[in-house]
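S.K.:
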Amino acid sequence: MFTPPEYLSPSSIGLFRDCPQKFKLSYIDKIKEPPAWHLYLGSFVHEVLEYLYKEDAENRTHETLKSIAADRWTNHEWATKVEALEEKPGTIADFKRAAFESMTNLWSLEDPSETELDGMEHEVFANIDGVAMKGYIDRFIFAEDGSVVISDYKTGKIPNPRFKSEDDKFFQLLAYALMLEESDQEATSRVELLYLTQKAKHDLTVTPVKLNIARGVIVETRENIEASCATGEFHCNVTNLCDWCHYKKIGICPAHAGK
Ligand code: SF4
Numbered sequence: 404m405f406t407p408p409e410y411l412s413p414s415s416i417g418l419f420r421d422c423p424q425k426f427k428l429s430y431i432d433k434i435k436e437p438p439a440w441h442l443y444l445g446s447f448v449h450e451v452l453e454y455l456y457k458e459d460a461e462n463r464t465h466e467t468l469k470s471i472a473a474d475r476w477t478n479h480e481w482a483t484k485v486e487a488l489e490e491k492p493g494t495i496a497d498f499k500r501a502a503f504e505s506m507t508n509l510w511s512l513e514d515p516s517e518t519e520l521d522g523m524e525h526e527v528f529a530n531i532d533g534v535a536m537k538g539y540i541d542r543f544i545f546a547e548d549g550s551v552v553i554s555d556y557k558t559g560k561i562p563n564p565r566f567k568s569e570d571d572k573f574f575q576l577l578a579y580a581l582m583l584e585e586s587d588q589e590a591t592s593r594v595e596l597l598y599l600t601q602k603a604k605h606d607l608t609v610t611p612v613k614l615n616i617a618r619g620v621i622v623e624t625r626e627n628i629e630a631s632c633a634t635g636e637f638h639c640n641v642t643n644l645c646d647w648c649h650y651k652k653i654g655i656c657p658a659h660a661g662k
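See the structure below:
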């Protein structure tokens, strides 16, 4: 009835697990959500920090950060894009302040002049037990023993453990660890989430058990997506989060249509 996407990514798997209907509207019907303030904030912070780490170690200072942020903002369309957002929960000054605070909080988690990254925005393709996967790894380093440490910046809040388990919180990074192992034969020893707003680093030692849990999620989600595509049934996972869902706002989510 519907054709499943050729590739899945850790984030598309996450979306299907959050709400199959939302996955369908986004990845199968290809009705994309418009850009949002918090997504732009995260992308802007990622981009500026990527450029910071391209500088020589001794130049990775607050001053350099400020000048990279100003350059990306003015000369790389960020000013125009953020100005054009339909919904702005604050002023442009608020956006810049929140972004700059997140970026400078990095110094509470690591010293950028003493941290050397071995890969950033690394594109990876892999076949995990028959599931074609692709995605981008934010950043990784090779530890002294040759193993890989994968990390990811987060500009949102730390998830409440009552609503998100440890395995779910680290799923995306564990999926990337599996993908690196399959594509580049690199073993990952640790994954780290850098919560910039809250100045917190959450990390997890990667074990075969953790990797197998992520592998199981990937395979099971692919099977569920194929089953939904065959029957045309994509469950609507109605929760309080629906109030923030674009598809509810524009009236095309079947669970809320006509309400
Ligand atoms: S409004 Fe709720 S049920 Fe509908 S697509 Fe969005 S998250 Fe899913």
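So the sequence shown is residues 404 to 662, counted in our numbering. Even glycine gets a Cβ: it sits at the ideal position worked out from N, Cα and C.
Taking just the CA atoms, how far does Asn640 sit from Cys422?
M.R.: Going from the Cα of Cys422 to the Cα of Asn640 covers about 5 angstroms.
S.K.: Which residues bound the alpha helix (DSSP H) around Tyr579?
M.R.: From DSSP, the alpha helix (DSSP H) with Tyr579 extends over Phe574 to Asp587.
S.K.: Would you mind listing the beta strand (DSSP E) stretches within the stretch 597-636 that are 3+ residues and don't spill past its ends, in chain order?
M.R.: With a minimum length of 3 residues, the continuous beta strand (DSSP E) runs that stay inside the stretch 597-636 are 603-608.
S.K.: Using 8 angstroms as the Cβ pair cut-off and three pairs as the minimum, do the stretch 595-605 and the stretch 484-499 touch?
M.R.: Short answer: they don't touch.
S.K.: If Gly538 sits next to Val527, beta carbons under 8 angstroms apart, how far is it from one beta carbon to the other, in whole angstroms?
M.R.: Contact holds; Cβ gap of about 6 angstroms.
S.K.: Please go through the same chain and pick out, in chain order, the residues whose beta-carbon is closer than 7 angstroms to the beta-carbon of Tyr650, but skip the five residues on each side of it.
M.R.: Once the five neighbours on either side are set aside, the close Cβ partners of Tyr650 are Lys425, Leu428 and Cys656.
S.K.: From Ala630 to Leu614, what does the alpha carbon distance come to, in whole angstroms?
M.R.: If I take the Cα positions, the gap works out to 24 angstroms.
S.K.: First and last residue of the alpha helix (DSSP H) that includes Glu504?
M.R.: Taken as a continuous stretch (DSSP letters only), the alpha helix (DSSP H) holding Glu504 covers Ile495 to Thr507.
S.K.: Where does the unbroken beta strand (DSSP E) through His449 begin, and where does it stop?
M.R.: His449 -> not in any beta strand (DSSP E); alpha helix (DSSP H) instead, spanning Trp440 to Lys457.
S.K.: Per DSSP, what are the beta-bridge partners of Met536 in this structure?
M.R.: Leu411 and Ala529.
S.K.: Ordered along the chain, which non-local residues of its own chain (more than five positions away) have a Cβ less than 8 angstroms from that of Phe574?
M.R.: Excluding sequence neighbours, Phe574 sits near Pro413, Ile416, Gly417, Ala617 and Val620.
S.K.: Exposed or buried, Leu644, counting other C-beta atoms within 10 Å across all chains shown (16 or more means buried)?
M.R.: That one is exposed.
S.K.: Can you tell me whether Arg542 is helix, strand or coil according to DSSP?
M.R.: Strand.
S.K.: Answer with buried or exposed for Met506, where buried requires no fewer than 16 other C-beta atoms within 10 angstroms of its C-beta.
M.R.: That one is buried.
S.K.: I'd like to confirm the pairing. Which residues does DSSP put opposite Arg593 in its beta bridges?
M.R.: Arg593 pairs with Val552 and Thr608.
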